[in-house]
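Asks: In my numbering, the protein residues as written are 430 to 673.
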Ligand SMILES: C[S@@+](CC[C@H](N)C(=O)[O-])C[C@H]1O[C@@H](n2cnc3c(N)ncnc32)[C@H](O)[C@@H]1O
């Protein structure tokens, strides 16, 4: 049985097992636990990416494919999205969702580790991730790998949970996030891996919006902009790969 301490090491095999155990209820719990805000957060990340309609986009840590789907809505013509994830159960569910929604010609999903992406250098105009990079064992290596496959002048986009700034709202939100969310998550998912206790712990142990921006800049990204939403619950980071 995996403990919180095991999960917080972010060892790939632990993270795969944990997400595999909640894959079937992942979308339902996202909707319930975020009060349906999650869709608007991904849409906001897409908007901030300033993507051209013919772009090639990579969504790493795609899970059940929702960010990839959000990108596909602003693409046309030759624009395409690839979603990648190392949890096969998630990829399988993403693939089923794409088939059901007739999106398989615009979006492909593949099994791949974000730390070793099976793509050539400088290929995608946008490489993006929603609520995923926090789970990657080596943050710096993950950002660097996303940068590698992005074209010069292209963008690396990170949507992640962040810390609310208003003290009163922060107190109320943290009570929900640390106490109520894990309880509901466990009740519905029945996961033995404590996935919904790991969620707040991993967010609280993750760099805040300014440290994440500094990390992206130290990886070589330029003009890293940060855009917060919903009183600071989430932040979108957009950095440009130099060289164009
Ligand atoms: C919280 S889910 C986010 C899913 C989706 N992006 C979304 O917006 O809902 C995190 C996903 O990241 C994946 N993941 C974590 N570490 C990974 C890695 N090193 N390589 C590929 N996928 C990874 C997990 O398997 C999981 O599906």
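No residue lacks a Cβ here, since even glycine has one placed at the ideal position from N, Cα and C. Fair warning: this is a prediction, and the values are worked out from it, not measured in the lab.
Measuring alpha carbon to alpha carbon, tell me which residue in 545, 550 and 521 is nearest residue 537.
Replies: Comparing Cα-Cα distances from residue 537 to each of 545, 550 and 521, the minimum goes to 521.
Asks: Taking the alpha carbon of residue 437 as the point to measure from, which residue in 640, 645, 607 and 635 has its own alpha carbon closest?
Replies: Of the candidates 640, 645, 607 and 635, the one whose C-alpha sits nearest the C-alpha of residue 437 is 635.
Asks: Going by DSSP, which residues form a beta bridge with residue 466?
Replies: For residue 466, which the question treats as bridged, DSSP gives no partner whatsoever.
Asks: I need the straight-line Cα distance from residue 450 to residue 526, nearest angstrom please.
Replies: In a straight line, the C-alpha of residue 450 is about 18 Å away from that of residue 526.
Asks: From this set, 624, 498, 599 and 650, which residue's C-alpha is nearest residue 474's C-alpha?
Replies: Closest option to residue 474, Cα to Cα, is 498.
Asks: Tell me the rounded alpha-carbon separation between residue 736 and residue 590.
Replies: In the structure as shown, the chain begins at 430 and stops at 673. Residue 736 is therefore absent and cannot be evaluated.
Asks: Do residue 577 and residue 644 have their C-beta atoms within less than 9 Å of each other?
Replies: For residue 577 and residue 644, no; Cβs fall outside 9 Å.
Asks: So, are the CB atoms of residue 518 and residue 453 less than 9 Å apart?
Replies: Yes, the Cβ-Cβ distance between residue 518 and residue 453 is below 9 Å.
Asks: If the criterion is Cβ atoms closer than 9 Å, does the pair residue 584 and residue 554 meet it?
Replies: Yes, the Cβ-Cβ distance between residue 584 and residue 554 is below 9 Å.
Asks: Taking residue 492 as the reference, give the member of 543, 626, 573 and 531 with the closest Cα.
Replies: Ranking the options by Cα distance to residue 492, first place goes to 543.
Asks: Measuring alpha carbon to alpha carbon, tell me which residue in 448, 490 and 607 is nearest residue 571.
Replies: The option with the nearest alpha carbon to residue 571 is 490.
Asks: For the stretch 480-509, list the alpha helix (DSSP H) runs that are entirely contained and at least 4 residues long, ordered along the chain.
Replies: You should have 495-501.
Asks: Would you say residue 672 and residue 614 are within 9 Å of each other, going by their C-beta atoms?
Replies: It is not a contact, given that the beta carbons lie outside the stated cut-off.
Asks: List the residues that DSSP assigns as beta-bridge partners of residue 540.
Replies: In DSSP, residue 540 forms a bridge with 514.
Asks: Pull up the CB-CB distance for residue 501 and residue 546, whole angstroms please, since I reckon it's below 8 Å.
Replies: 19 Å between Cβ atoms; not a contact.
Asks: So residue 434 is in the alpha helix (DSSP H); what residue range does that whole segment cover?
Replies: Run containing residue 434: 433-437, per the alpha helix (DSSP H) assignment.
Asks: Measure the C-alpha to C-alpha separation of residue 433 and residue 653 and round it to an integer number of angstroms.
Replies: Looking at the two C-alpha atoms, the distance is approximately 32 Å.
Asks: Determine the burial state of residue 507: buried for a count of at least 16 other Cβ atoms within 10 Å of its Cβ, exposed for fewer.
Replies: Per the 10 Å Cβ criterion, exposed.
Asks: Jot down the residue ranges of each uninterrupted beta strand (DSSP E) in the stretch 578-665, minimum 3 residues, whole runs only, in chain order.
Replies: DSSP runs (the beta strand (DSSP E)) wholly in the stretch 578-665: 579-590 and 651-658.
Asks: Please find out if some non-hydrogen atom of ligand 1 comes closer than 8 Å to the beta-carbon of residue 572.
Replies: Incorrect: residue 572 has no Cβ contact closer than 8 Å to ligand 1.
Asks: I'd like to confirm the pairing. Which residues does DSSP put opposite residue 557 in its beta bridges?
Replies: Beta-bridge pairing links residue 557 to 488 and 586.
Asks: Using the rule of at least 16 other Cβ atoms within 10 Å of the residue's Cβ for burial, across every protein chain shown, is residue 596 buried or exposed?
Replies: Looking at its Cβ environment, which holds fewer than 16 other Cβ atoms inside 10 Å, residue 596 is exposed.
Asks: Output needed for residue 593: all residues of its chain with C-beta closer than 7 Å, excluding positions within five of it in sequence on either side, in chain order.
Replies: Correct list, in chain order: 599, 602, 660, 661 and 662.
Asks: Classify residue 531 as buried or exposed, calling it buried when 16 or more other Cβ atoms lie within 10 Å of its own Cβ.
Replies: With fewer than 16 other Cβ atoms within 10 Å, it is exposed.
Asks: In or out: residue 430 buried (at least 16 other Cβ within 10 Å) or exposed?
Replies: Its Cβ having fewer than 16 others within 10 Å, residue 430 is exposed.
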